[in-house]
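According to the UniProt record's numbering, the sequence shown is numbered sequentially starting from 1. We treat Cβ as the ideally placed atom computed from N, Cα and C, and that holds for glycine. Here the structure is laid out as structure tokens; the discussion comes afterwards.
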Amino acid sequence: MSKTANNLKAELSKLTSAPLLPADSEGSALSIRLNSYLKPQDIEQVWDGYRYAYAAHDGVVRKTGEPYITHPVSVACILADLHMDVPTILAALLHDVVEDTDITTLDIKQKFGPQVADLVDGVTKLDKIEFQSASQAQAENFRKMLLAMSQDVRVILVKLADRLHNMQTLEAMRPEKQRIIAKETLDIYAPIANRLGLNDVYQALEDLSFKYLYPMRYNAISKAIMAARGNRKEVISKILESIKKQLADFGIEAEVSGREKHLYSVYKKMTSKATPFSQVYDIYGFRIVVKDLPNCYLALGALHGLYKPIPSKFKDYIAIPKANGYQSLHTTLFGPFGTPIEVQIRSADMHNIADAGVAAHWLYKASDAQLTALQQQTHQWLQRLLDIQNESVDSLDFLEHLKIDLFPDEVYVFTPKGSIMALPKGATAVDFAYAVHSDIGNSCVAVRINHDLAPLRTEMHNGDHVEIITGSLAKPNPAWLNYVVTGRARAHIRHFLKSQQSTESAHLGERLLNKALRALHVDPSQISEEHWQKLIRDYGVKKKSEILADIGLGKRQNVMVAHQLVAMTDDHAEKHTKLPAASLDTITIRGTEGMAVQFAPCCRPIPGDPILGFINKDKGLVIHTHDCPSVRKFKLDPDKWLDVEWEPESSRLFKTNLNLTVANQPGMLAQIAAGIADAGSNIDNVSVEEADGSAYANLYFTVQVKNRVHLAELMRGLRKIPDVVRINRTKGSAAGNGKNPNVKLYSQ
């Protein structure tokens, strides 16, 4: 704005004391809505906010050509329809003041109190911060808004009303901008409205997004529904009258009304089921609102006596509500002329929640002891957002997990104590474990579904009884990321793996750096904290462990970092201790370093093998045997490889490949498996090459052994089996590589 901050604030102070009331049509509409449920003194507070916003946006027009004040007033009208409280209406009127003018959140706080200021701040974008990309800025804005929502759900209610009015006036934008905003609305805002039970807002956002993303499809379906409404008018009137009469005969007081599916839901049904419009019979349904819960089931019985129900089309959302608190009975009936009729039956209270969702009873209005089931579910979802935020590395990561979490086509399962838990469709036992608690997820090892053991990747189905088995030494498996579907589970697993990899890589990086320092005849203990702090600033990282982890992952060269540290010391030649060259030759590995050290699958080294290590970017230190064919191409680049050796004792088992030629006799595989078990080894994988009529067969095993001595004992034991003709250790991918069509794979 052209006005200075001081002039603007002086004008606002003068204006807000004047008895100015809104004369525009939007202001009149707001006045009518407020008078229907607020007290006069509360309405006066709202007009103070109106006058403040009017002066702040004075002279500014929207792209539609209307005065800017029409937008915040329209947003306030949407929230007044939900009967929101005074601070929420004030936040709606003031939500763009901080973002678009020189007024600050502190000014809002001084004038209207901390509650309104916090709501406005939660909705305000982070425009004054520079981001690396537009997508990062968008993601960070979502994260700020949703974290504010986790403290006070009214933040998102204001934002949803703001987005709804923006979508209603989107025609003023250029087409490419329309599509960007519509896509964002469909991906984020509409699902949030659905998640909070704001049914009218949700449907309006979806239909408006559909209109701008697919205008031709929108127009075609809109015209088809108009035509169908006229064609079916007589049938619909007949059904409506027969339902009213049937309910009256049963002594049930009810409001019966017709309802149309909104356009986008018709479109989704057509695309998901590949159905033409002419075969979508449930575009028009009926809603029955009765006085209480018992009458819902009485009405259901009355209807089933009038028209025959379709058995697979009945859903009881009263006994098991949706995650957003929605409750109704849904039934589909065979109507006259064979037309399917979709009917929703609910009580007046359920109807209120179905339309207004969490806005019907928001959390901050009641004490914890008075929380309704809907409020508790909303509170749990907001807490999950906080968990996802805490486990996400950055805002883009957070937004990805949020999108996953916003499309819950739910299944309902039972905990061991009989509680019902809602999970997204396709959720697995691992998702269930993390939904119970992050510690349960991190330590789960098995699951019982309906009292039977099942794999952790098993998908949940409605009515499953699920019990997670945990282990004290268990930890998340990277393979879980291939099948978990909830944002909470994915965020926790990624956070654990990144933390583990970072820690292990930092330990390895420290050892590699110390080796390089000793090669420069410098004792690592003589590198001071001051030198490290300077290097941290030069590299633009936050802490020392990040540099060490980059070295361990091969993203930085240990020699280069060592030279930079040494160069920072003024007189290192005199101060640093000369070290003997013998200590520079090798790095010792235990085999238990985890993700920072990997063993090459091409040669599968085991303790006792002469080995080399190669620094591979993102994989860390990869260990090969000296005679591995893969080593040859690296030997030309000495900066990438280093000598490593085994520690004398290692407690873990290592994989190696064996190739056996055996007589093609029944029971041979069982004999060899027994011999491997007798040697204290374990079979990881076995494949059998078909003999094609030959007297001999080739068996390829991947077995687990402690070291070369253990392997030698195993091979000696297998040679004692009479029908084993030849046995040798193989290097490369011969064992079970799947390239030979005659090889069958069996995995334990």
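My understanding is that residue i touches residue j, with C-beta atoms under 8 Å, so please give their C-beta distance in whole angstroms.
i       : j       : result
Gly-608 : Arg-518 : Gly-608 to Arg-518, Cβ: 26 Å. No contact.
Leu-520 : Ile-551 : That belief does not hold up - the Cβ atoms of Leu-520 and Ile-551 are roughly 15 Å apart, past 8 Å.
Ser-222 : Leu-186 : So it is not a contact: roughly 17 Å between Cβ atoms.
Tyr-264 : Glu-206 : 4 Å
Asn-682 : Thr-730 : Rounded, the Cβ-Cβ distance is 18 Å, inconsistent with contact.
Gly-325 : Gly-197 : 5 Å
His-83  : Val-120 : Contact flag wrong, Cβ pair sits at about 20 Å.
Lys-211 : Tyr-218 : 5 Å
Thr-661 : Arg-726 : 4 Å
Ala-427 : Val-485 : 5 Å
Count the other CB atoms within 10 Å of the CB of residue i; is the residue buried (16 or more) or exposed (fewer)?
i       : result
Ala-274 : exposed
Val-61  : exposed
Thr-64  : exposed
Glu-130 : Residue placement at Glu-130 is poorly supported in this model, since its pLDDT is 42, which falls under 50; the coordinates still yield a value, given next. Classification for Glu-130: exposed.
Arg-33  : buried
Gly-540 : exposed
Asp-249 : exposed
Ala-506 : buried
Thr-588 : exposed
Lys-313 : exposed
Glu-510 : buried
Leu-303 : buried
Gln-327 : buried
Phe-334 : exposed
Asn-295 : buried
Ile-615 : buried
Ile-420 : exposed
Gly-471 : exposed
What residue from the options has the CA that sits closest to residue i's CA?
i       : options                               : result
Glu-647 : Lys-706, Cys-628, Ile-156 and Leu-93  : Lys-706
Ala-695 : Asn-664, Ala-422 and Val-724          : Asn-664
Leu-714 : Lys-731, Asp-723 and Ala-674          : Ala-674
His-465 : Gln-327, Met-226, Ala-712 and Phe-414 : Phe-414
Asp-684 : Arg-217, Leu-653, Leu-565 and Met-460 : Leu-653
Leu-329 : Ala-299, Tyr-307 and Asn-352          : Ala-299
Leu-565 : Glu-546, Gln-533 and Ser-545          : Gln-533
Lys-425 : Ala-506, Ser-438 and Gly-463          : Gly-463
Asp-48  : Ile-469, Val-75 and Ile-108           : Ile-108
Ile-310 : Asp-292, Ala-319, Ile-288 and Thr-339 : Thr-339
Val-622 : Ile-43, Cys-628 and Val-597           : Val-597
Arg-179 : Leu-293, Pro-336 and Pro-215          : Pro-215
Leu-90  : Ala-670, Val-289, Gly-59 and Tyr-54   : Tyr-54
Ala-677 : Gln-704, Thr-656 and Gly-667          : Gln-704
Val-256 : Lys-269, His-531, Ile-345 and Val-436 : Ile-345
Val-724 : Tyr-317, Val-522, Ile-188 and Ile-672 : Ile-672
Gly-613 : Pro-601, His-626 and Cys-602          : His-626
Arg-259 : Pro-114, Tyr-284 and Pro-666          : Tyr-284
Ile-440 : Ala-422, Glu-459, Leu-473 and Thr-124 : Leu-473
Val-73  : Leu-481, Ile-103, His-57 and Leu-30   : Leu-30
Glu-87  : Thr-105, Ser-630, Phe-112 and Ile-103 : Note that residue 87 is Pro in the sequence shown, not Glu. The shortest C-alpha separation from Pro-87 is found at Phe-112.
Leu-718 : Asp-102, Cys-602 and Gly-680          : Gly-680
Asp-349 : Thr-470, Lys-261 and Val-289          : Val-289
For the alpha helix (DSSP H) that contains residue i, what are its first and last residues?
i       : result
Val-116 : 114-123
Met-668 : 668-678
Met-167 : 154-168
Glu-647 : Glu-647 -> no alpha helix (DSSP H), and no H or E assigned at all.
Tyr-434 : 429-436
Beta strand (DSSP E) containing residue i: first to last residue?
i           : result
Asn-728     : 724-730
Gly-285     : 284-290
residue 749 : The shown model of the chain, from 1 to 748, leaves out residue 749, and the question about it has no answer.
Asp-452     : 452-454
Asp-684     : 682-689
Pro-424     : 420-424
Arg-448     : 444-449
Val-413     : 410-414
His-710     : Segment 708-719 is the alpha helix (DSSP H) holding His-710; no beta strand (DSSP E) there.
For residue i, verify whether its CB is less than 8 Å away from any heavy atom of the ligand ADP.
i       : result
Pro-276 : Although the ligand ADP was asked about, the structure shown includes no ligands whatsoever.
Quick one: does residue i have its CB under 9 Å from some CB of chain C?
i       : result
Leu-293 : The question asks about chain C, but that chain is absent: this structure has only one protein chain.
| task | Entirely within the region 249-277 and at least 3 residues each: give me those beta strand (DSSP E) ranges in chain order. | result | 254-260
| request: Return the chain-ordered ranges of every beta strand (DSSP E) run that is complete within the region 34-101 and spans a minimum of 3 residues. | output: none
| Enumerated in chain order, which unbroken segments of the beta strand (DSSP E) with a length of 3 residues or greater are wholly contained in the region 462-500? | 466-470
| Sequence ranges, alpha helix (DSSP H) only - wholly within the region 507-542, length at least 4 | 529-539
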